[in-house]
Structures are given as structure tokens and as C-alpha cells.
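In terms of my numbering, the sequence shown opens at residue 1 and continues consecutively. Positions of the beta carbon are idealized from the N, C-alpha and C atoms, including for glycine. For clarity, every value in this text was computed on a predicted model and none was experimentally measured.
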Amino acid sequence: MDDSFGRNIHYLRISLTDRCNFRCVYCMPADMQFAPQSHLLQDEELLRLVRIATTVGFDRVRLTGGEPTVRPNLVNLVAGIASIPGIREIAMTTNAMRLEKLAEPLARAGLNRVNISIDTLDAERFYKITRFGKLEQVWRGIQAAERAGLNPIKLNAVVVRGYNEDDIVDLARLTLDHAWDMRFIEIMPLGSIAEFQMDSVVPVAEMKLRIESALGALESVDWDGHNPARPFRLHGGRGTLGFISSVTEPFCAGCDRMRLSADGRLRLCLLRDNEVDLLSSLRAGASDEDLQKFMAQGIMDKPWGHGLAEHVIAESRVMSQIGG
Ligand code: SAM
């Protein structure tokens, strides 16, 4: 379905939980409080909303969190989503801590591919950024994902001033030997940690300069125009590099997505607080037709874009409560 600006909205990012086994400094406060289980979409509720979402044109989903792999019954839930007619792709964004065991069963259940967060190749720094993460375990998760055929493997690094801006060259170098898509993301401001995030932005222009100074010119690669990260390649590289410049060069004109939070709110724009409370309506007895109408209205009400240039910061949630 098209929104009021003529953008076709067909990609739904679903947060399966607000919980996470990490506490990444760029994502949530150290003392993050999680919602009680009963406030979150239960499996049947979630499957019902995904079924209805297909009737307003959503055909791709991405499972995220929090950390999606800490959701109980995950493999069955993925199989349930995969069995819904109209869903043509299921992807997941994960920190890969639990992927070594889960990659294979998830692939069998119908998961198509994964994006894995990895912000540095230095184990000590990794622990400092994630406040919990074990780099070696994540690395085994990446390899398991590749073995399970969850390709193309995309790696995400949020670049945070003072934490990992020196590490992007080593991360970029991974694409010389691996057919992976390495994407560097500008840190975005949200909720209670927005001030720290605003002070920690490393602009994409600086990221590219650092990589090109160390590894040579970035070569352009064909781009479908939908993916927010225009791809590049290092000379002779097997994989690609992408840069997500949401802060310094927004790409809202090409936005094709909406988000469903773990507590059942349809979030119309990542960086604005506009939401439609589907869970309360669903629990109050709304019919499929009612829920379909609320979703369609949400699409029509989708804002043109975020307001960072006008210093509008979304306050109601931090990133882990939306899913990125
Ligand atoms: N736990 C999973 C993970 O680590 O990938 C999924 C949830 S995480 C919120 C989803 C994505 O958002 C990750 O790629 C993460 O790096 C990114 N992210 C988190 N906080 C961010 C921020 N402030 N700005 C930009 N990206 C952010």
C-alpha cells in the first residue's frame, strides 16, 4: 500500500522482545528496565497481526529486538510466520550470541537471512561497547549462520566516537576475504540517552575517509536504490561495504518500512514518536477488519521523515524498545 507521499510501504520490522543479553552503550541505558511479559505480544497475537499486515501489503519482515534470539519458542514462531501466505522474505537482526545453536533450526523453520551486529574485532573493546558481549561467541555465530545458508550475511557496526571509530578499517578489511556486506551506521539519537548519542556521531564522510586512507579508493557497486546503504567494494574484495547516513544524509524519501514493537505498537517512523496501539485494540476485541483499518490508517499517517535537522528527537523509547 502507498502512503500519502506515494511511497510503497511493504516492509515490517517486528521486535520480538525488548529484552537483550547485551546492553550496548549506543542502544540503551546501563540500568534498562524491561516490560513485563504480559505487556508484550504473545505468539498467537503476533501471528494474527502479521497475517493482517499482509492484507495491507506487507510482504517482507525482519525480526529484531531487544535480542530476537532470547524470545522463547523462537523457532516455532519463525515457522508460523513463514507459513503465512504473502510473506516472501523473513530476515533477522541479531547480535549472534545464540546463533551457533540456533542458525540451523531457524534456517529450517524458514528464516532467509541475518544481519549481525559487530562493532569491533577487538574482544576487550567489544565487551566495553556491549557491556556483556563475547566476541568469540559472536564470531562462531557468524560462521554458523553462513553454514546454515542464511546468506547474504550482513554485518552492522554502529560507529561511536571514542569507542570504535579506529576499528572500522579492520572491519572493512573483512570484506577482502569474505563475501559479507559490512555496513557502518551513524549513531542515531533516541530517548533518555539521546544527548550521549548526539555527541558520539561519526559522520559517514569521516568513516569513508578513514577506510580509503588505509585501504584505497572505494569502488561503486550496482545499487537497487531501496537498500538504505549504497554499496561499495574495496579493490579485489569479495564482499561489499555500505554506509547508513541517517543523521548526516537522511534517506526518508525511499523509506518503505514500518515497525511493530514488542508491546504491539505500530511505529510509523523510527525517529518519531507517532504510534498506533494495536495490542490494546486487539485485546479489547477488535476484529481483523478493524485491525486492518488501523494499520492502513497508520500507513496513511506515516510522517514524511525524521526531524533531526530541526532538532526533533523522539523521546518515548530507546532503540532496544523499537528494534532499529
Ligand atoms: N540485538 C540485535 C542486534 O544487536 O542486532 C537487534 C536489535 S538492535 C536494536 C538492531 C540494530 O540497531 C543493530 O544493528 C544495532 O547496532 C542498531 N542500533 C542500536 N542502537 C542504535 C543507534 N543509537 N543508532 C543506530 N543504530 C543503532
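Nearest-angstrom Cα separation, counted from residue j out to residue i
{"i": "Leu40", "j": "Thr54", "result": "21 angstroms"}
{"i": "Lys134", "j": "Glu289", "result": "46 angstroms"}
{"i": "Glu195", "j": "Glu104", "result": "40 angstroms"}
{"i": "Leu190", "j": "Leu271", "result": "7 angstroms"}
{"i": "Arg238", "j": "Leu155", "result": "14 angstroms"}
{"i": "Arg131", "j": "Cys24", "result": "6 angstroms"}
{"i": "Ser192", "j": "Leu308", "result": "16 angstroms"}
{"i": "Arg125", "j": "Phe22", "result": "14 angstroms"}
{"i": "Gly257", "j": "Asp166", "result": "The identity of residue 257 in the sequence shown is Arg, whereas the question assumes Gly. Rounded to the nearest angstrom, the two C-alpha atoms are 32 angstroms apart."}
{"i": "Ala109", "j": "Glu315", "result": "36 angstroms"}
{"i": "Asn151", "j": "Leu266", "result": "28 angstroms"}
{"i": "Pro228", "j": "Phe251", "result": "7 angstroms"}
{"i": "Asn274", "j": "Pro36", "result": "23 angstroms"}
{"i": "Gly254", "j": "Gly57", "result": "17 angstroms"}
{"i": "Leu77", "j": "Glu212", "result": "43 angstroms"}
{"i": "Ile84", "j": "Arg147", "result": "26 angstroms"}
{"i": "Ile153", "j": "Ala145", "result": "8 angstroms"}
{"i": "Phe5", "j": "Ile142", "result": "38 angstroms"}
{"i": "Arg7", "j": "Arg60", "result": "15 angstroms"}
{"i": "Asp222", "j": "Phe232", "result": "9 angstroms"}
{"i": "Gly264", "j": "Glu249", "result": "30 angstroms"}
{"i": "Tyr11", "j": "Ala79", "result": "18 angstroms"}
{"i": "Gln197", "j": "Gly285", "result": "40 angstroms"}
{"i": "Leu234", "j": "Gln33", "result": "42 angstroms"}
{"i": "Trp304", "j": "Ile313", "result": "15 angstroms"}
{"i": "Met300", "j": "Ile9", "result": "10 angstroms"}
C-beta atoms of residue i and residue j nearer than 8 angstroms
{"i": "Ser246", "j": "Met207", "result": "no"}
{"i": "Asn112", "j": "Glu136", "result": "no"}
{"i": "Tyr26", "j": "Val158", "result": "yes"}
{"i": "Ile168", "j": "Arg140", "result": "no"}
{"i": "Ala172", "j": "Leu215", "result": "yes"}
{"i": "Asp3", "j": "Lys302", "result": "yes"}
{"i": "Leu47", "j": "Ile81", "result": "yes"}
{"i": "Leu291", "j": "Ile52", "result": "yes"}
{"i": "Phe294", "j": "Ser280", "result": "no"}
{"i": "Val276", "j": "Gly298", "result": "yes"}
{"i": "Ile87", "j": "Leu260", "result": "no"}
{"i": "Ser220", "j": "Val160", "result": "no"}
{"i": "Ala296", "j": "Met1", "result": "yes"}
{"i": "Gly149", "j": "Ala107", "result": "yes"}
{"i": "Ile176", "j": "Gly236", "result": "It is Leu, not Ile, that sits at residue 176 in the sequence shown. For Leu176 and Gly236, yes; Cβs fall inside 8 angstroms."}
Original post:
Which whole runs of the alpha helix (DSSP H) in the stretch 76-143 are 4 residues long or more, in chain order?
Top reply: Here the runs fully enclosed are 99-109, 123-130.
Original post:
Are three or more beta carbon pairs between the stretch 309-323 and the stretch 10-20 nearer than 8 angstroms?
Top reply: Contact between the stretch 309-323 and the stretch 10-20 is present, because at least three Cβ pairs lie under 8 angstroms.
Subject >> the stretch 93-103 contacting the stretch 34-48, beta-carbon criterion three pairs below 8 angstroms >> reply: Segments in contact, no.
Subject >> Minimum length 3: unbroken beta strand (DSSP E) runs contained in the stretch 170-230 >> reply: For the stretch 170-230, the continuous beta strand (DSSP E) assignments of 3+ residues that do not extend past its boundaries occur at 181-186, in sequence order.
Subject >> 3 or more residues per run - each beta strand (DSSP E) lying fully within the stretch 250-277 >> reply: The qualifying runs are 257-260, 265-267, 275-277.
Original post:
Should the stretch 176-188 be regarded as contacting the stretch 239-259, the criterion being three or more beta carbon pairs within less than 8 angstroms?
Top reply: Inter-segment contact for the stretch 176-188 and the stretch 239-259 is present: three or more beta-carbon pairs are separated by less than 8 angstroms.
**OP:** Say whether the stretch 113-120 touches the stretch 68-78, bearing in mind that this needs 3 or more beta-carbon pairs closer than 8 angstroms, one atom from each stretch.
**Re:** Here the stretch 113-120 does not lie against the stretch 68-78, with fewer than 3 beta-carbon pairs under 8 angstroms apart.
**OP:** Run through the stretch 47-73 for me and flag every whole beta strand (DSSP E) of 3 or more residues, listed as ranges in chain order.
**Re:** Those beta strand (DSSP E) runs which fall completely within the stretch 47-73 and span 3+ residues are 60-64.
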